[in-house]
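One structure is given below, encoded as structure tokens.
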Amino acid sequence: MVKEEELKSYLQEQTRLSYRLWALLQTVVLLLLVPLFLALGMPLWGWFILVFLMLIAKWFVFLQKSQKFYQGAGVNWSYLIAYEERRKQTILRFFALFTNVKGISNSVKRRAYLDGLTNILPKRQSTTWQNIYLRSYLRNGDFLALTIRLLFLSLLGIGFISQSWIAAIFVALLNYLLLFQLTALYNAFDYQYLTFLFPLETGLKLKGVKQVIILIGYSVLFVETMMALLFFQDRVALLFMIGITLLLYFIYLPFKLRSLVD
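Residues 1 to 262, numbered by my numbering, are exactly what the sequence shown covers, in order.
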């Protein structure tokens with residue numbers, strides 16, 4: 001087919017363009033790291049060899065990825081559609097860090113190794129929503145992965161930002177982003193109409209998601225505090241980080257959840 005041949009040519013052209021872009025970015029990063037490599041004892045010619053090897057490795061990575069676009073003499077349409085959907089979801093999840101975004105699809109995994117964490121909540125009728133939301137958090141790939149990523153960034157900020165106050169503000173901002181995203185848990189079961197048949201008071205749903213979000217947030221804050229005790233020179237900055245985060249959970253969280261209900 002003529003159109004399919006045109007698409008193949010377009011894919012090959014874009015693959016080469018993407019390689020040149022990422023090769024340039026990679027080289028610039030390595031160029032910025034030249035003083036570090038020289039300080040570690042690497043000769044200048046060794047740096048050029050490293051750049052050359054990295055460019056070759058990057059080319060083989062792009063070549064391997066691009067081969068999945070084709071099937072025999074034609075185009076692998078199923079893979080291309082799935083690839084484009086993953087690309088769109090990645091972009092949407094980035095913007096979802098700052099605002100509510102529609103069109104994000106979620107994946108659910110069993111994660112049997114996390115089943116022990118579900119036992120921290122009592123199995124009573126009054127805690128039905130708490131147990132449901134906790135399981136949703138642990139088995140929803142987006143919420144759990146987002147928490148791990150933001151916690152990792154927070155720990156990096158605490159460890160590598162020398163100014164305690166800047167690090168504290170950075171961590172507080174990440175904690176706000178985490179809290180903002182976790183409020184989406186409230187609507188996680190809106191598609192399941194059987195939940196409306198639960199013999200529970202309406203307010204228990206709001207109470208349940210609030211307690212689960214607070215449990216997650218306090219766990220993250222505890223890890224951050226332990227890390228900050230090791231690296232922060234200014235204890236007032238540590239208290240600021242803790243205080244701002246607690247204010248977010250005591251004041252902003254109830255306000256945000258009420259807006260979702262209304």
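Cβ atoms here follow ideal geometry from the backbone N, Cα and C, with glycine treated the same way.
If Leu221 sits next to Thr245, beta carbons under 8 Å apart, how far is it from one beta carbon to the other, in whole angstroms? 5 Å
Leaving out the 5 sequence neighbours to the left and right, which residues in its chain are closer than 6 Å to Phe313 when beta-carbon positions are compared? Any answer about residue 313 is impossible in this case: the structure gives the chain only from 1 up to 262.
To which residues of the same chain is Tyr113 closer than 8 Å at the C-beta, ignoring the five residues directly before and after it? Reliability of the predicted coordinates at Tyr113 is poor, the pLDDT of 49 falling under 50, and no value is obtained from them.
Mapping DSSP to helix, strand and coil, what is Gly46? helix
If you draw a straight line from the C-alpha of Met54 to the C-alpha of Trp45, how long is it? 14 Å
Where does Gln163 fall in DSSP's three states? coil
Give the secondary structure of Gly41 by DSSP, where H, G and I count as helix, E and B as strand, and everything else as coil. coil
Beta-carbon within less than 7 Å of Met226's beta-carbon, same chain only, minus the 5 sequence neighbours each way: which residues are those? none
Which residue's Cα is closest to the Cα of Phe250: Arg235, Gly217 and Ser78? Gly217
Taking Leu24 as the reference, give the member of Phe232, Ile56 and Gly208 with the closest Cα. Ile56
On the three-pair Cβ rule with 8 Å, is the stretch 32-47 touching the stretch 78-92? no
State the Cα-Cα distance for the pair Val28 and Leu21, rounded to the nearest angstrom. 11 Å
In the DSSP output, what is Val75 paired with across the bridge? Tyr70
Under the three-state DSSP convention, the category Ala188 falls into: coil
Using only the alpha-carbon positions, how far apart do Glu201 and Met241 sit? 36 Å
Taking Ile213 as part of the alpha helix (DSSP H), name the residues at either end of that continuous run. Gly203 to Phe231
Hey, out of Gly208, Gln125, Ile169 and Ile161, whose CA is closest to Asn187's CA? Gly208
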